[in-house]
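Structure first, commentary second.
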Amino acid sequence: MNNLGPPRCVVIVVGAGVAGLACALDLLVAGHSVTIAEQGPAPGGRARSFLWPRADVEVDTGPHLILGCYGSFRQMLKACGAELDLQPSMRVELRGRPGERVIVRGGRGRLANLWALTCTSRLPIADRLSILRGMYRIKRLRDTTHVEEWLALTRQSAGARRYFWEPLVLATLNRSSARAPSAQFLTVLAHAFLNRDADARMGRLGTPLSALYARPAIDTIRRLGGNVLLGDGVESFETAGNRIIAARTRRGLRLETDQVVTAVPPDALDRLIPDPSLTHFTPSPIVSAHVLLSRPLPFEEEGLLGLLDCPFQWAFQTRARDRWVASLLTSDARDLADLPVPRLAALARDALKSCCPTLHDHEIEAIFPVKERSATWSLTGPWRGLTAPPDNLTLAGDWTVADYPCTIESAALSGRRAARAVGQRLASEYG
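This is the structure:
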């Protein structure tokens with residue numbers, strides 16, 4: 011018997027985003043019979059890419075910043091034959107007002123990365139000492155609810171916040187310090203900066219998300235014998251007692267099953283299994299703007315740039331045949347999500363020209379803003395799971411991992427945890 015339970019147990023995985031794909035892959039490797047059903051026409055969920063007709067190039071719904079500590083996502087990529095290209099060591103360039111440029115560099119070994127990040131250009135010794143005081147009191151994060159409270163508690167200076175803590179919180183938690191949970195920040199710091207040097211390395215995805223993992227994962231699932239339904243998601247469940255015995259898809263298929271894994275956001279789960287506890291989750295938007303350029307921008311650090319005092323937080327640059335695409339990104343973008351598209355395009359244009367003063371209007375060929383209104387989910391009240399879940403139901407999705415922020419890593423981690431949970435349940439049922 012393998013460690014995920016008896017072989018050939020029938021499992022339905024609802025949703026083909028990162029979590030669902032990671033779960034399906036692990037279940038298939040363990041020998042189970044898996045059907046993965048996705049409502050949309052293509053896999054990837056909230057982390058996918060699509061064709062931008064104007065540029066004739068694939069762009070992501072939202073560019074992703076990857077850390078070396080993203081072990082579950084990297085394992086998933088490995089299972090699909092893909093690999094991440096990470097920096098030799100952590101190094102990030104930040105730009106703000108014209109002429110304002112800061113290079114943040116990591117170090118080597120335990121704590122060295124976190125301390126070395128303070129040794130940035132133009133960071134006065136007083137700000138570095140402020141950061142050091144914060145590091146010394148990292149455990150005080152447990153005494154606060156949000157990172158902003160901890161920054162105030164440890165008396166972090168304005169410079170320390172601007173050049174160090176705020177960019178770090180945005181990069182790792184996709185939220186500002188005022189809304190970022192302290193417990194999740196402590197988890198990220200421990201995983202990324204207090205272990206191996208390699209864990210703190212950063213990387214941008216030079217390959218569009220769908221080409222990097224989503225389509226290869228579907229191909230691998232099929233090769234392993236899994237059944238894939240795209241554009242035919244699960245609409246309802248059929249139950250007997252307190253177990254799900256079958257799922258009905260949008261096109262009318264009835265799929266009998268032994269176990270079910272739902273890898274969908276809280277609102278989609280609530281439509282399948284209405285539960286008042288799911289109202290404790292609220293969505294947060296991510297807004298990006300893809301800018302088609304006739305020449306590359308002068309990004310020094312691997313095509314990745316952090317933006318200060320700007321509506322957008324990050325800029326990623328990739329080659330698009332004979333041209334270039336700069337993708338601007340803002341997490342927790344509540345102020346931007348309701349703006350009209352022309353206004354977002356103007357903000358993107360101004361942001362690029364501010365951080366790259368040599369850029370001229372005629373070198374900007376097109377701008378394509380993208381709004382992902384429910385990109386991440388946050389818990390606003392106590393939650394201990396569904397009120398009365400079916401006995402053979404397992405939840406997956408980035409929002410189900412309480413100790414991690416909603417990232418591509420927590421999605422993959424949740425999928426792998428769900429696969430293990432299915433195996434543990436089967437092992438107990440079969441004795």
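At position 45 of the sequence shown (counting the first as 1) the number is 55 in our numbering, and the numbers step up by one without a gap. Even glycine gets a Cβ: it sits at the ideal position worked out from N, Cα and C. Only a predicted model underlies this, so the values are computations on that prediction, with no experimental measurement involved.
When only Cα atoms are considered, A188 and L180 end up about 11 Å apart. Judged by DSSP secondary structure, L265 falls within the beta strand (DSSP E) whose first and last residues are 264-266.
In this structure the stretch 134-149 lies against the stretch 158-177, because at least three pairs of beta carbons, one per stretch, are closer than 8 Å.
Taken in chain order, the complete alpha helix (DSSP H) segments of 4 residues or longer contained in the stretch 164-198 are 176-183. A straight-line Cα-Cα distance of about 21 Å links R264 and A52. Bounds of the alpha helix (DSSP H) holding T230 are 225-233.
According to the DSSP assignment, D277 belongs to the alpha helix (DSSP H) that extends over 276-282. A273 and L282 have their C-alpha atoms roughly 12 Å apart. Taking the Cα positions, P350 is about 37 Å away from E93. Look at the beta carbons and you see the stretch 352-370 not touching the stretch 396-412: under three pairs across the two are nearer than 8 Å. Cβ atoms of R107 and S220 stay farther apart than 8 Å, at about 37 Å. If you check the CB distance, V102 and A421 do not come in under 7 Å. Setting aside the 5 residues that flank it on each side, G395 is surrounded in the same chain by S287, L405, each with a C-beta closer than 8 Å to its C-beta; the list follows chain order.
Distances from the alpha-carbon of P321 to those of A330, C365, D280 put C365 closest.
Contact between V198 and P379 is absent: CB atoms are separated by about 28 Å, not below the 8 Å threshold.
The Cβ-Cβ distance between H290 and G407 does not fall below 7 Å. For W160, same chain residues with a beta-carbon under 7 Å away, outside a window of 5 residues either side, are R150, L151, T154, S192 in chain order. Pairing N237 with P295, the inter-Cα distance amounts to about 32 Å.
A direct Cα-Cα distance of roughly 7 Å separates G30 from V24.
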